[in-house]
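First up is the structure itself, then whatever we jot down about it.
In this note's numbering, the protein residues as written are 7 to 340.
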């Protein structure tokens, strides 16, 4: 939030306040020097003597971040947002539905970890969206409360995957993995602060009622045992630093490599990913012929992500992120 505010102030020409917020962001832990140097929102600050000081301070934070996050055995699962959510949930359920969003905003999102705030800023969770999800699936939320407390049991297997990644890629870093409660809409993503995992997406169990859920949610929620391969996949994304990724081909390489390396370090794919591979392998020639015609364009709607979002439960778009072609250019993907 501090960094974003600095960018906004720089864009409107308020250098003084922009630098105040920028230095506050760096002091709070902002460490992405390469991004800082290339962020066009801050171009107006480059001719100021304080810019060099900001770069130096950010370099210092980056060195500290690397030192603090190089050991896979010390990688942290941060679950405080889960307990914070349930405290907010109890308060929200004691008032009328129309008043719940304000409580969830104040008690959950505003007080959240850097990971939760990144998730909120990305548009993947909001107080209003949470209130609607709770109202439409009340029995689901009631039932998942005990399961959401068992996240830490998946840490040991995940750490083994991290160790393997360190063996293969000694420069690997292991930022915090934040587990939070979302809107039953996103399983995981990466941000500058680490990995962001929607814990409610890993609550599949015979005891969990799903009648209130839509087809997409019902087909997408997973067992907690799926956390290690999902986290492995997202950790690969955290380390990817590609240039422009506008084309379908680039985006498929991005996703396909995350699945390829994720499976290499964790020993397995998500169950739904493995099923998608079976579906794709039987149609490889057909899919490759179709893919060649579209891979240099920017329309990804027929191939990527739609099956990972509400509104599309088709197997096709869920599977094709990393279509394997006959030349071996594209690793398989989810």
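Heads up, the beta-carbon is just placed ideally off N, CA and C, and yes, glycines get one too.
The alpha helix (DSSP H) with residue i in it runs from where to where?
i, result
"residue 196", "No alpha helix (DSSP H) contains residue 196, which is instead part of the beta strand (DSSP E) from 194–197."
"residue 95", "86–98"
"residue 303", "Residue 303 -> no alpha helix (DSSP H), and no H or E assigned at all."
"residue 208", "Careful: residue 208 lies outside any alpha helix (DSSP H) and carries neither H nor E."
"residue 281", "277–287"
"residue 310", "No alpha helix (DSSP H) contains residue 310, which DSSP labels as neither H nor E."
"residue 4", "Because the chain spans 7 through 340 in this model, residue 4 falls outside it and cannot be assessed."
"residue 103", "Note, residue 103: premise wrong, no alpha helix (DSSP H); not H, not E."
"residue 268", "254–272"
"residue 233", "233–245"
If the criterion is Cβ atoms closer than 8 Å, does the pair residue i and residue j meet it?
i, j, result
"residue 237", "residue 164", "yes"
"residue 302", "residue 263", "no"
"residue 246", "residue 260", "yes"
"residue 84", "residue 182", "yes"
"residue 16", "residue 48", "yes"
"residue 206", "residue 154", "yes"
"residue 258", "residue 179", "no"
"residue 149", "residue 215", "yes"
Compute the Euclidean distance between the alpha carbons of residue i and residue j, then round it to the nearest angstrom.
i, j, result
"residue 59", "residue 65", "10 Å"
"residue 217", "residue 204", "20 Å"
"residue 232", "residue 190", "16 Å"
"residue 28", "residue 56", "10 Å"
"residue 106", "residue 255", "43 Å"
"residue 318", "residue 222", "Residue confidence for residue 318 is low, a pLDDT of 43 falling below 50, so the modelled location carries little weight; the figure read from the coordinates is stated next. If you take the alpha carbons of residue 318 and residue 222, they lie about 7 Å apart."
"residue 25", "residue 8", "10 Å"
"residue 90", "residue 297", "45 Å"
"residue 21", "residue 51", "7 Å"
"residue 101", "residue 168", "43 Å"
"residue 313", "residue 88", "With a pLDDT of only 49 at residue 313, under the threshold of 50, the placement of this residue in the model should not be trusted; the figure read from the coordinates follows. Each residue's alpha carbon lies about 26 Å from the other."
"residue 186", "residue 18", "34 Å"
"residue 136", "residue 45", "32 Å"
"residue 103", "residue 92", "16 Å"
"residue 75", "residue 194", "20 Å"
"residue 220", "residue 230", "20 Å"
"residue 162", "residue 77", "14 Å"
"residue 34", "residue 53", "24 Å"
"residue 228", "residue 62", "44 Å"
"residue 98", "residue 294", "50 Å"
"residue 23", "residue 140", "39 Å"
"residue 125", "residue 188", "9 Å"
"residue 130", "residue 196", "12 Å"
"residue 86", "residue 192", "19 Å"
"residue 117", "residue 152", "22 Å"
"residue 112", "residue 120", "15 Å"
"residue 127", "residue 251", "22 Å"
"residue 304", "residue 96", "45 Å"
"residue 166", "residue 272", "7 Å"
"residue 13", "residue 32", "13 Å"
"residue 287", "residue 80", "38 Å"
"residue 170", "residue 109", "42 Å"
"residue 292", "residue 94", "50 Å"
"residue 67", "residue 133", "32 Å"
"residue 144", "residue 138", "10 Å"
"residue 268", "residue 299", "28 Å"
"residue 308", "residue 284", "19 Å"
Is residue i near the ligand ATP - that is, is its Cβ less than 7 Å away from at least one heavy atom of it?
i, result
"residue 44", "No copy of the ligand ATP occurs in the structure displayed, which carries no ligand at all."
Report the CB separation of residue i from residue j in whole angstroms; it is logged as a contact under 8 Å.
i, j, result
"residue 122", "residue 175", "Their Cβ separation, rounded to whole angstroms, is 28 Å, which puts residue 122 and residue 175 out of contact at 8 Å."
"residue 201", "residue 235", "Not a contact, Cβ separation roughly 13 Å."
"residue 82", "residue 198", "About 16 Å; that fails the 8 Å criterion."
Note the first and the last residue of the continuous beta strand (DSSP E) segment covering residue i.
i, result
"residue 203", "200–204"
Answer yes or no: does any C-beta atom of chain D fall closer than 8 Å to that of residue i?
i, result
"residue 111", "You won't find chain D in this structure, because it holds only one protein chain."
- Query: Can you list, in chain order, the stretches of the alpha helix (DSSP H) that have 4 or more residues and sit fully within the region 9–69?
  - Reply: Correct list: 21–33 and 39–44.
- Task: Starting from the N-terminal side, write out each stretch of the beta strand (DSSP E) that is 3 residues or longer and does not extend beyond the region 110–187.
- Result: If we require 3 residues or more, the beta strand (DSSP E) runs fully inside the region 110–187 come out as 183–186.
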